[in-house]
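Chains as they are written, first to last, in the numbering used here: chain F, 16 to 125; chain Y, 16 to 125.
We treat Cβ as the ideally placed atom computed from N, Cα and C, and that holds for glycine.
Small disclaimer: the values here were computed from a predicted structure and weren't measured.
Single-structure report; data block below.
Encoded structure:
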């Protein structure tokens with residue numbers, strides 16, 4: 016068992032204004048999927064991209080939008096969840112004034 | 016893509032004082048793992064049990080404790096994450112005055 020506060024985990028800047036922490040992954044012995052926590056600064060966005068694995072996302076705080084492959088944008092806030100299917104183009108945009116924080120899980124690459 | 020507020024998802028009472036919602040699972044097309052949200056009422060607990068799959072947990076709100084297989088209890092609160100390995104005995108106890116809310120992911124049974 017591992018129990019810790021996310022803020023003590025080392026963060027990497029994935030792209031400008033986007034911090035990512037791996038909370039639970041291979042190092043913790045996770046056999047199937049990986050929990051990461053993202054912080055997107057005000058005015059910043061994750062890349063508008065696609066890949067052949069899914070995202071399971073839960074929004075913790077902040078205000079933003081999810082853009083889908085048709086470039087339609089849907090508002091997201093605390094308490095919302097987002098399922099992005101494999102090969103579905105997407106990004107997470109922070110158009111609010113506070114940091115947008117969310118959990119994003121992906122399958123473990125074995 | 017599916018985007019929704021968790022509070023709109025139907026909740027089931029798993030045991031007395033413990034509500035569970037399946038946010039992202041087979042119905043949404045999730046191929047590998049399932050996101051659930053638990054609400055444990057003040058003074059209540061999930062069962063002290065074990066199973067051969069893992070939990071990846073993130074605490075959203077409230078105050079509580081995680082009990083491990085040695086019956087040691089560790090405090091948990093908003094911002095903590097918990098990895099429970101397969102076959103590790105565990106439960107989540109709400110010893111605070113507010114509802115304990117957390118996300119708990121498990122592998123998809125195929």
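Start-to-end residues for the beta strand (DSSP E) that takes in residue i
i	result
residue 16(F)	Where residue 16(F) is concerned, there is no enclosing beta strand (DSSP E), given that its DSSP letter is neither H nor E.
residue 110(Y)	Looking at the DSSP string, residue 110(Y) is not in any beta strand (DSSP E), and its letter there is neither H nor E.
residue 48(Y)	48-55
residue 93(Y)	Run containing residue 93(Y): none; DSSP gives neither H nor E here.
residue 10(Y)	Nothing in the structure corresponds to residue 10(Y), since chain Y is present only between 16 and 125.
residue 70(F)	70-76
residue 30(Y)	27-30
residue 120(F)	115-122
Close Cβ partners of residue i (< 8 Å) along its chain, the five nearest in sequence each way excluded
i	result
residue 70(F)	97, 98, 99, 105, 119, 120 and 121
residue 24(Y)	36, 37, 38 and 52
Neighbouring residues, chain Y, relative to residue i (Cβ below 7 Å)
i	result
residue 4(F)	It is not possible to answer for residue 4(F), since the shown part of chain F is limited to 16 through 125.
residue 95(F)	18, 19 and 20
Cross-chain neighbours of residue i in chain Y, by beta carbon under 9 Å
i	result
residue 81(F)	16 and 18
residue 26(F)	Neighbours of residue 26(F) on chain Y: none; closest Cβ ~14 Å, over 9 Å.
Cβ shell of residue i (< 6 Å), same chain only, five flanking positions each side left out
i	result
residue 17(F)	43
residue 49(F)	40, 121 and 123
residue 73(Y)	96 and 118
Own chain partners of residue i with C-beta closer than 7 Å, once the 5 adjacent residues on each side are dropped
i	result
residue 33(F)	53, 55, 59 and 61
Residue i - partner residues in DSSP beta bridges
i	result
residue 105(Y)	64(Y)
Listed by chain order, chain Y residues near residue i by CB distance under 8 Å
i	result
residue 55(F)	Here the premise fails: no neighbours, minimum Cβ distance about 16 Å.
Proximal chain F residues relative to residue i, where beta-carbon distance stays under 9 Å
i	result
residue 86(Y)	Under the 9 Å cutoff, chain F gives no residues; its nearest Cβ is about 12 Å from residue 86(Y).
Any non-hydrogen atom of the ligand SAM within 8 Å of residue i CB
i	result
residue 93(F)	Looking for the ligand SAM in the displayed structure turns up nothing, as the structure carries no ligands at all.
Are the region 69-79 of chain F and the region 116-125 of chain F touching by the rule of at least three beta carbon pairs closer than 8 Å? yes
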